[in-house]
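Beneath this line is the structure, given in structure tokens, with notes to follow.
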Amino acid sequence: MEAEIHGDLTLQDLLAASRTLTGRSRLAATRAPVSLLRRLSNVDAPDLLMALRVLRNLCAGEAANQNAFVAHGGASVVASILSSPDATLDVLRVGLQLLGNVALAGEEHCSAIWVAFFPSMFLELARVRESGVCDPLCMVLDTCCSSKGGRWRTRELCQEKEELLILFEIIVTASTVGYQEEWLEWLIAKLCIEEPFFLSLFLKLGSNADDEGSAEGKYSTMQAFLLNLLSKCLSERPVDYSISSAFVLSILELLKEASNVVDFSSRGTSLPTGFPAIDVLGYSLMILRDACAAEAPVDSLLSAGLVNLVLDLLEQLEPPSLVRRSMANTGGRVIQTEGKRVCPYRGFRRDLVSVISNCLNGRKQVQDEVRKMNAIPLLLQQCVIDDDNPFLREWGLLAVRNLVEGNAENQCELAEFHLLEAVNTHEISELGLKAEIEKISGHIKLVNIS
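Just so it is clear: in the sequence shown, position 336 is 336 by the UniProt record's numbering, and no numbers are missing.
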């Protein structure tokens with residue numbers, strides 16, 4: 001028969017009651033958390049995991065239980081349990097979930113947890129290569145760095161003597177075994193996108209690169225993972241972050257650097273390609289695309305030469321696949337492609353165009369700059385389907401719209417372009433059709449030749 005733990009209630013009774021709001025409130029009035037903490041003070045107690053689960057549930061949004069946990073030294077009790085060499089992965093996971101629930105109660109609770117766990121216990125837990133442990137650990141850290149005293153805890157986390165070792169180990173774990181919840185994204189986005197710690201963490205993650213003298217060794221897989229994570233955050237939740245200029249300028253420098261080391265002679269797969277330098281190039285572009293859709297950091301990027309860099313990279317690429325096939329049908333008279341670069345990953349051209357498109361949107365100085373650089377024909381060339389760049393045409397058309405919107409000079413220049421010749425592609429010919437230009441209107445028409 002199971003022993004009574006609290007009054008006449010067994011752990012099974014407590015666990016069942018703790019799953020409901022009413023049950024948690026009722027148990028708070030009977031000081032159930034105090035009884036459980038007293039029992040957990042003995043780390044060898046039987047049913048340790050179940051007792052932790054009950055306490056975790058009790059502290060889920062119930063202020064009285066959260067307060068009792070802190071008042072009776074719960075953070076130190078849990079630290080002793082989690083530091084035990086006999087602690088199982090389930091014990092670590094549930095213990096951290098408990099701390100996460102307590103931390104949500106406010107500053108006093110976060111402070112108690114921080115004192116008990118930072119830095120040694122957090123570092124030890126970050127080295128556990130298990131997503132079930134990494135996820136709640138990130139919940140605890142993110143919550144502690146978000147409360148009233150979160151700013152100084154953030155500085156401690158990012159400027160500790162071990163030089164970002166806790167965050168380093170978390171990234172190693174997440175990049176090795178993955179992660180299931182969004183706490184990692186929220187934590188890293190806060191530290192890198194909003195706070196000025198991106199570059200320090202990025203450099204720390206690259207400290208183990210094997211051969212920094214080659215393109216393959218210039219960056220590490222963990223650096224590419226970090227950029228992928230940040231790109232995902234900005235793409236899925238762009239309005240959630242206040243993007244700092246320091247962050248986007250660091251990303252721009254990475255784009256410049258990566259574009260000088262990547263091999264543009266071979267076509268690549270979609271991101272992630274498995275080649276860190278190419279992945280760094282691609283994720284940097286995607287971050288800049290989403291950053292340029294926001295207002296705050298764009299002026300800094302424009303002053304640092306973003307438009308010139310992206311247009312230069314675009315101009316160096318071979319034409320899109322549809323244009324290349326058209327050239328093959330006309331003897332290559334349209335555009336010279338010898339010596340041109342190819343897309344190092346699937347979508348590279350599209351990402352370049354998307355950055356330009358977002359920079360052009362509502363910014364006359366960028367519209368004028370593109371015109372003065374004689375880059376309007378280059379942008380028009382992107383308004384086609386391309387095998388290696390899904391949605392290139394859509395981004396190209398959007399870029400041209402943004403280029404001429406509210407800009408009379410660009411509208412006039414665009415109106416001066418005329419079709420000289422209709423090119424028949426293989427796909428059109430297979431349908432028994434031929435493209436021709438009407439002499440009077442200048443419009444393209446399809447003629448049945450079958």
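Glycine included, C-beta positions come from ideal geometry on N, C-alpha and C.
(message) Under 8 Å, with one C-beta from each stretch per pair, do the segment 97 to 107 and the segment 119 to 128 reach the 3-pair mark?
(response) no
(message) Could you compute how far the alpha carbon of S270 sits from the alpha carbon of H443?
(response) In a straight line, the C-alpha of S270 is about 37 Å away from that of H443.
(request) Could you tell me the distance, in whole angstroms, from the CA atom of E2 to the CA atom of G73? (result) Because the pLDDT of E2 is 42, which lies under 50, any placement of that residue in the model is unreliable, and the number read from its coordinates should be weighed accordingly. Each residue's Cα considered, the two are about 27 Å apart.
(request) Could you check the C-alpha separation between I428 and D386 for me, to the nearest Å? (result) 16 Å
(message) Please report the distance separating the alpha-carbon of R401 from that of V355.
(response) 14 Å
(request) Out of A79, L36 and L48, point me to the one whose CA is closest to C59's CA. (result) Of the residues A79, L36 and L48, the one whose Cα lies closest to the Cα of C59 is L36.
(request) Specify, as a first and last residue, the run of the alpha helix (DSSP H) that E156 falls within. (result) Note, E156: alpha helix (DSSP H), G150 to C158.
(message) I'd like the span of the alpha helix (DSSP H) that includes N448, first residue to last.
(response) First-last for N448: I444 to N448, but that is the beta strand (DSSP E), not the alpha helix (DSSP H).
(request) For A435, write down the residues that DSSP places opposite it in a beta bridge. (result) L446
(request) Confirm, please, whether the CB-CB distance from L201 to L252 is below 8 Å. (result) no
(request) Output the distance between the C-alpha atoms of G149 and E107, rounded to the nearest integer angstrom. (result) 6 Å
(message) So, for Q411: in the same chain, excluding its five sequence neighbours on each side, which residues have a beta-carbon less than 7 Å away from its beta-carbon?
(response) Around Q411: V404.
(request) Would you check if the distance between the CB atom of A224 and the CB atom of D279 is smaller than 8 Å? (result) yes
(request) Can you check DSSP and say which residues form a bridge with R341? (result) R341 pairs with L317.
(message) Below 8 Å on the Cβ atoms is my contact criterion, and I expect A399 with L379 to pass it. Report the Cβ-Cβ distance as a whole number of Å.
(response) Separation of the CB atoms of A399 and L379 is rounded to 5 Å, and the pair is thereby assigned contact status at 8 Å.
(message) Please tell me whether D135 and E195 are closer than 8 Å, where the distance is taken between their beta carbons.
(response) no
(request) Tell whether a beta-carbon distance below 8 Å holds between L14 and D47. (result) no
(message) For V366, which residues in the same chain have their Cβ closer than 7 Å to its Cβ, ignoring the five residues on either side in sequence?
(response) L302, V307, C359 and L360
(message) As an exercise, report each continuous alpha helix (DSSP H) stretch of at least 4 residues that is fully enclosed by the segment 16 to 54, in chain order.
(response) 21 to 29 and 32 to 40
(message) Please report the distance separating the alpha-carbon of I113 from that of R93.
(response) 16 Å
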